Amino acid sequence: MITRSPALLQRHDEAEPLAPPPAWQAQLAGAIRDPAELCRRLGLDAAWRPGAEAGHALFEVRVPEAFLSRMRPGDPHDPLLRQVLPLGEETLPAPGFVADPLEEAAHTPARGLIHKYAGRVLLIASPACAVNCRYCFRRHFPYGDNAPSRAQWESSLDHLRHDPTIIEAILSGGDPLAASDRQLAWLVERLDAIPHLRRLRIHTRLPVVIPDRIDGGLLDWLGKTRLQKVIVLHINHAQEIDDAVIDACARLKTAGATLLNQSVLLRGVNDSVDALAALSERLFEAGVLPYYLHVLDPVAGAAHFDVPDDQARELVAGLREVLPGFLVPRLVREIPGEGSKTPL
Ligand code: SF4
Numbered sequence: 001m002i003t004r005s006p007a008l009l010q011r012h013d014e015a016e017p018l019a020p021p022p023a024w025q026a027q028l029a030g031a032i033r034d035p036a037e038l039c040r041r042l043g044l045d046a047a048w049r050p051g052a053e054a055g056h057a058l059f060e061v062r063v064p065e066a067f068l069s070r071m072r073p074g075d076p077h078d079p080l081l082r083q084v085l086p087l088g089e090e091t092l093p094a095p096g097f098v099a100d101p102l103e104e105a106a107h108t109p110a111r112g113l114i115h116k117y118a119g120r121v122l123l124i125a126s127p128a129c130a131v132n133c134r135y136c137f138r139r140h141f142p143y144g145d146n147a148p149s150r151a152q153w154e155s156s157l158d159h160l161r162h163d164p165t166i167i168e169a170i171l172s173g174g175d176p177l178a179a180s181d182r183q184l185a186w187l188v189e190r191l192d193a194i195p196h197l198r199r200l201r202i203h204t205r206l207p208v209v210i211p212d213r214i215d216g217g218l219l220d221w222l223g224k225t226r227l228q229k230v231i232v233l234h235i236n237h238a239q240e241i242d243d244a245v246i247d248a249c250a251r252l253k254t255a256g257a258t259l260l261n262q263s264v265l266l267r268g269v270n271d272s273v274d275a276l277a278a279l280s281e282r283l284f285e286a287g288v289l290p291y292y293l294h295v296l297d298p299v300a301g302a303a304h305f306d307v308p309d310d311q312a313r314e315l316v317a318g319l320r321e322v323l324p325g326f327l328v329p330r331l332v333r334e335i336p337g338e339g340s341k342t343p344l
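In structure tokens form, the structure reads like this:
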């Protein structure tokens, strides 16, 4: 079973003085991690249990209460539940669907660091996620080998210091905001001191699944850095954006962050013009620009989410008819070895 334990994150925090954990950490620790519990809490028919157990055995369930609270009880087709409920289909092999669809293992010059695009380097700032999305292209990633430590971050920082062509550091994961503010402040302070770095980009789903993550501790280190800040959220459906998420986005903006969103086109979640248009409109209400709409990366266990390319193009054409251009995300695919995302 793939696990992404928040306990891993605390490894190099062991010497930190004991203090009450922030509220978000308690919510992270209290996330539902039992498929039977997930089914029970949402009032699903018992027939969903065996599939949920089988999928969970491959990639564990993780659903925070704040995300669960936005799902419709008794509806197995709820678009938020679909993203996190393991299904028996995940155990079926599908041609072309593989463990490492983006071949990231081949672009890892130092543990915890991925350098595959010119000018940008991606740091695995945390191996854990607040939510485990069933379609995740990193669901098989060897996070245990890439769990961060101060020594590893020093090595990654050296890579950045010695390559003046790198102007943007991207914090990814897992979810980088699953790391503690103390760890992130330490890391960002050092990134700040690398003169050729201009931008800090953070790819995160935490402000969406646990909006309380955007607290004073986070805004403190984020607001201090001289680097331009871009936060790329990951939201797939308008129903994910409640008032708490809108407030979290507003707080991020007070720290000077530009907010973008990337979605994944998912069968049974957002594969209609209405759903995608509602998402773009709701994102804009939250002060977030739709940026990318990714077609599914062919990761083993996620074939049931796949939407054919022709249908994807038709959906985006439909979006252009009902939305202003700035609310139409770019439809892209990530192809291993390509220097940037490939438009469809
Ligand atoms: S939050 Fe992102 S990295 Fe984590 S499981 Fe979901 S898609 Fe994957």
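Residue numbers (the UniProt record's numbering): 1 to 344. The beta-carbon is built from N, C-alpha and C at its ideal position, and this holds for glycine as well. On a predicted model such as this, the values are computed, not experimentally measured, just so you know.
So what does DSSP say about residue i, is it helix, strand or coil?
i: Asp13; result: Residue placement at Asp13 is flagged as unreliable, the pLDDT there being 47, under the threshold of 50; the coordinate-derived value follows with that caveat. In this structure, Asp13 counts as helix in the three-state DSSP scheme.
i: Ile241; result: coil
i: Phe59; result: strand
i: Ala47; result: helix
i: Pro35; result: helix
i: Ala125; result: strand
i: Leu113; result: strand
i: Leu331; result: strand
i: Ile246; result: helix
i: Thr254; result: helix
i: Lys341; result: coil
i: Pro131; result: In the sequence as presented, Pro is not what sits at residue 131; that position holds Val. In this structure, Val131 counts as coil in the three-state DSSP scheme.
i: Leu42; result: coil
i: Arg320; result: helix
i: Arg72; result: coil
i: Leu233; result: strand
i: Arg120; result: strand
If you drop the 5 nearest sequence neighbours on each side, which residues of the same chain put their C-beta closer than 7 angstroms to that of residue i?
i: Asp247; result: Pro211
i: Ser156; result: Ala110, Gly112, Leu113, Leu123
i: Asp27; result: The question names Asp, but residue 27 in the sequence shown is Gln. Cβ within range, chain order: Pro64, Glu65, Ala66, Ile210, Asp212.
i: Met269; result: According to the sequence as given, residue 269 is Val; it is not Met. Pro79, Arg82, Gln83, Asn236, His237, listed in sequence order.
i: Ile214; result: Pro207, Ala248, Arg251, Leu252
i: Ser340; result: Tyr117
i: Phe284; result: Leu327
Give every residue of the same chain whose Cβ lies closer than 6 angstroms to the Cβ of residue i, excluding the five residues on either side of it in the sequence, and list them in chain order.
i: Tyr292; result: Gln262, Pro329, Arg330, Val332
i: Leu260; result: Val232, Leu289, Tyr291
i: Ala94; result: Ala303
i: Ser5; result: Here the model assigns Ser5 a pLDDT of 47, short of 50, so the residue's position is not dependable, and the following value carries that caveat. Cβ neighbours of Ser5 beyond the five flanking positions: none.
i: Gly55; result: Pro86, Leu87, Glu90
Excluding the five sequence neighbours on either side, which residues of its own chain have a C-beta within less than 8 angstroms of the C-beta of residue i, listed in chain order?
i: Arg199; result: Ile167, Glu168, Ala169, Leu227, Gln228, Lys229, Val230
Starting from the Cα of residue i, find the closest Cα among the options and give me that residue.
i: Leu68; options: Glu334, Glu314, Ile241, Glu321; result: Ile241
i: Arg182; options: Ile202, Gly325, Ala151, Trp221; result: Trp221
i: Val264; options: Gly74, Asp297, Arg138, Thr254; result: Asp297
4 or more residues per run - each alpha helix (DSSP H) lying fully within the region 149-214: 150-161, 181-192, 206-209
Whole alpha helix (DSSP H) runs in the region 257-314 with 4 or more residues, listed along the chain? 273-285
contact_flag[the region 149-163, the region 234-254] where n(CB pairs < 8 angstroms) is 3 or more: no
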